[in-house]
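Trainee: Structure incoming, see below.
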Ligand code: AMP
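Put into structure tokens, the structure is as follows:
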């Protein structure tokens, strides 16, 4: 079974995912991390993805879907996986559903972290100061928030219609948010 963290950039998906995979002992699949690694290593995929990432746009679906398919085929995903930053469009969600139905698997729970936009901007600017992420500039931050609103937000309805959506208040400290995440997960997930 699969878990998904959905939420705007800066909502704390990465931080919460790292804690949750440890808590549940399942695999962590962050498309942002996989793409940044591909860029650092200068692979074909990395070269194709870099300019999209730098400008705050989504990397083309075909590239990301391929990446996720490869990662899900690895043995550590057998116990279950947490998808962090994927899917980010309806098209990606449909590709994922098709892939999973071939494997007789499914998405079990989708968690949306809700954080207001001013707080997202503040967190991303803070991250750019601390981590030096090159896509955390003020212009790119606005672009990423906008892409989220237009392309990723419709997934909330997509998963709500399947009755597997949980909305979690993403405000406060990472510890406070993780307590809320655990309440939801303990209710839904029996690994
Ligand atoms: P993240 O670390 O999840 O914020 O992702 C950083 C960047 O990687 C995004 O702004 C996109 O350019 C790219 N990216 C990550 N995940 C996806 C995805 N599922 N689809 C398309 N692009 C993605």
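Numbering (my numbering), first residue to last: 3 to 193.
No residue lacks a Cβ here, since even glycine has one placed at the ideal position from N, Cα and C.
#1: Residue 174: buried (16+ other C-beta within 10 angstroms of its C-beta) or exposed?
#2: Using CA atoms only, rank isn't needed, just tell me which of 13, 64 and 82 is closest to residue 24.
#3: Go through its chain and collect everything with a Cβ distance to residue 77's Cβ below 6 Å, but skip five positions before and after it.
#4: Taking the beta carbon of residue 13 as the centre, do at least 16 other beta carbons fall within 10 Å, making it buried, or is it exposed?
#5: Taking the alpha carbon of residue 66 as the point to measure from, which residue in 42, 147 and 36 has its own alpha carbon closest?
#6: Within 8 Å, do at least three Cβ pairs link the region 100–119 to the region 165–185?
#7: Express the C-alpha separation of residue 97 and residue 88 in angstroms, rounding to a whole number.
#8: Going by other Cβ atoms of all chains shown within 10 Å of its Cβ, with 16 needed for buried, is residue 30 buried or exposed?
#9: Which residue marks the beginning of the beta strand (DSSP E) containing residue 110, and which one marks its end?
#10: CA-CA distance, residue 61 and residue 141?
Mentor: With the structure as the only source:
#1: Looking at its Cβ environment, which holds fewer than 16 other Cβ atoms inside 10 Å, residue 174 is exposed.
#2: Comparing Cα-Cα distances from residue 24 to each of 13, 64 and 82, the minimum goes to 82.
#3: Non-local C-beta neighbours of residue 77 in its own chain, meaning closer than 6 Å and more than five positions away in sequence, are absent.
#4: Its Cβ being crowded by 16 or more others within 10 Å, residue 13 is buried.
#5: Of the residues 42, 147 and 36, the one whose Cα lies closest to the Cα of residue 66 is 36.
#6: Because the criterion of three Cβ pairs below 8 Å is met, the region 165–185 and the region 100–119 touch.
#7: Each residue's Cα considered, the two are about 11 Å apart.
#8: Taking every protein chain shown into account, the CB of residue 30 has 16 or more other CB atoms within 10 angstroms, so this residue is buried.
#9: First-last of the beta strand (DSSP E) with residue 110: 109–116.
#10: For residue 61 and residue 141, the distance between alpha carbons rounds to 18 Å.
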